[in-house]
Amino acid sequence: MAVNVLVVDDSSTMRHMVMRALELSGAPLGQVLEAANGREALDALAANWIDLVLTDINMPVMDGVEMLRAMRDSGLLATMPVVVISTEANDQRIHELRDMGVGAYLRKPFRPELLRATLEELLGYHHEG
Amino acid sequence: MKAELVQAAGRVFGSVAEELAFLFVTPAASDEPPDEPLLEAAAGFRGSHAGRVTLVAPASLAAEVAGNLLGLDSAETVDETQAEDALGELANVFTGHLATALWGGRALVNLDPPVVSPADPERWRELVGVGARVWAADDRPLALHVWLLQE
């Protein structure tokens, strides 16, 4: 089964990096879509079938926490794996994100192997090699 | 900047620059700005602690950072927007890691999105005048200043 992924980050460079890491992860990828903030991400979620969200937190227009709240309120977070990829490492913030239903938290910069292990756990596949 | 802040900033910047952008950072031989176009990335933070990180670097170094982040063979194919974006991301990631190094995981520090703009040699000298340290990344100088709101 191919997994459609939404990558959310205000930095186009970081989005590109995350997409490269996704390609290297061996995950069974379908479409990979991009959004530059939470608002664009919610629009993309409304218009496309998405199986996994990888998102930053600190973004203009709508940040990641607001986006996650909107996803939680709409019931989306109950069924969709979300990985937060952010620079912050505040214990309380990470705890709040977990409570909201976020599946995993990766701190920038992250190694592609860590993303692979995270996706294997969240999506339940195993990549050889 | 106070001595312990300078030490922490240098240590964290070296680590982040190497891990994120594959740059090797050492103290620069001179505090003088390079004779080429400069970019300034400013990243503010608020919360239990507040302040601002300012990074001024040659545009060519920003392009190299972008090339390394994007996995390109040459920085020559990087456009201006990508170079600015990459320098902002370097400042942003550095700021987050510096906050953790200074105050640990219990401090609630919110990072503002970085702002990148052109800079000139006067701006470089102004920052050095208020305590910015000049580092060499792959033999090119960059000025790094950390300002903390008095606590």
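In the order they appear, the protein sequences are chains A and B.
My numbering runs 2 ahead of the 1-based position in the first sequence.
My numbering runs 14 ahead of the 1-based position in the second sequence.
Note that the Cβ used here is the ideal one computed from N, Cα and C, for glycine as well.
Output needed for residue i: all residues of its chain with C-beta closer than 7 Å, excluding positions within five of it in sequence on either side, in chain order.
| i | result |
| --- | --- |
| residue 45 of chain B | 142 and 148 |
| residue 34 of chain A | 7, 9, 21 and 24 |
| residue 78 of chain A | 47 |
| residue 11 of chain B | In the structure displayed, chain B extends from 15 to 165; residue 11 of chain B sits before or after that span and is not available. |
Which same chain residues, not among the five before or five after residue i, have their C-beta less than 8 Å away from its C-beta?
| i | result |
| --- | --- |
| residue 128 of chain A | 122 |
| residue 66 of chain A | 10, 40, 57, 58, 59, 60, 86 and 88 |
| residue 36 of chain B | 82 |
Starting from residue i, find everything on chain B with Cβ-Cβ shorter than 7 Å and list it in chain order.
| i | result |
| --- | --- |
| residue 22 of chain A | 85 |
| residue 12 of chain A | 127 |
| residue 18 of chain A | 84 |
| residue 61 of chain A | 127 |
In chain A, which residues lie less than 8 Å from residue i when you measure between Cβ atoms?
| i | result |
| --- | --- |
| residue 123 of chain B | 90 and 92 |
| residue 80 of chain B | 15 |
At a CB-CB cut-off below 7 Å, which residues of chain A make contact with residue i?
| i | result |
| --- | --- |
| residue 114 of chain B | 91 |
| residue 106 of chain B | 89 |
| residue 140 of chain B | Under the 7 Å cutoff, chain A gives no residues; its nearest Cβ is about 27 Å from residue 140 of chain B. |
Less than 7 Å between the beta carbons of residue i and residue j, yes or no?
| i | j | result |
| --- | --- | --- |
| residue 72 of chain A | residue 44 of chain A | yes |
| residue 118 of chain A | residue 27 of chain A | yes |
| residue 31 of chain B | residue 115 of chain B | no |
| residue 34 of chain B | residue 111 of chain A | yes |
| residue 151 of chain B | residue 39 of chain B | yes |
| residue 84 of chain A | residue 104 of chain A | yes |
| residue 70 of chain B | residue 80 of chain B | no |
| residue 5 of chain A | residue 70 of chain A | no |
| residue 51 of chain B | residue 77 of chain B | no |
| residue 63 of chain B | residue 117 of chain B | yes |
Below 6 Å CB to CB, which residues in the same chain sit around residue i once its five sequence neighbours on both sides are set aside?
| i | result |
| --- | --- |
| residue 128 of chain B | 55, 57, 102, 105 and 106 |
| residue 16 of chain A | none |
| residue 108 of chain B | 27 and 30 |
| residue 60 of chain B | 124 |
Could you work out which residues of chain B lie near residue i, taking near to mean beta carbons separated by less than 8 Å?
| i | result |
| --- | --- |
| residue 111 of chain A | 30, 33, 34 and 107 |
Starting from residue i, find everything on chain A with Cβ-Cβ shorter than 9 Å and list it in chain order.
| i | result |
| --- | --- |
| residue 120 of chain B | 92, 93 and 94 |
| residue 24 of chain B | Going along chain A, no residue has its Cβ under 9 Å from residue 24 of chain B, so there is no contact; the nearest lies around 18 Å. |
| residue 151 of chain B | The contacting residues do not exist; residue 151 of chain B stays about 15 Å from chain A at best. |
Using 8 Å as the cut-off, can you tell me whether the segment 45 to 56 of chain B makes contact with the segment 146 to 163 of chain B, which would need three or more C-beta pairs spanning the two stretches below that distance?
Under the Cβ criterion (8 Å, minimum of three pairs), the segment 45 to 56 of chain B counts as touching the segment 146 to 163 of chain B.
Do the segment 122 to 134 of chain B and the segment 18 to 27 of chain B touch if we need at least three Cβ pairs shorter than 8 Å?
By the Cβ rule, the segment 122 to 134 of chain B does not count as touching the segment 18 to 27 of chain B, because fewer than three pairs are nearer than 8 Å.
At least three beta-carbon pairs within less than 8 Å, the segment 96 to 113 of chain B to the segment 50 to 59 of chain B
Because the criterion of three Cβ pairs below 8 Å is met, the segment 96 to 113 of chain B and the segment 50 to 59 of chain B touch.
Hey, which unbroken runs of the beta strand (DSSP E) at 3 residues or more fall wholly within the segment 43 to 83 of chain A?
If we require 3 residues or more, the beta strand (DSSP E) runs fully inside the segment 43 to 83 of chain A come out as 54 to 57.
For the segment 76 to 119 of chain B, which segments carrying the alpha helix (DSSP H) assignment without a break, of at least 4 residues, lie completely within its bounds, in sequence order?
Runs of the alpha helix (DSSP H) inside the segment 76 to 119 of chain B: 94 to 117.
When the Cβ atoms of the segment 108 to 126 of chain B are set against those of the segment 88 to 97 of chain A, are three or more pairs found closer than 8 Å?
The segment 108 to 126 of chain B, when compared against the segment 88 to 97 of chain A, does touch it at the 8 Å Cβ threshold.
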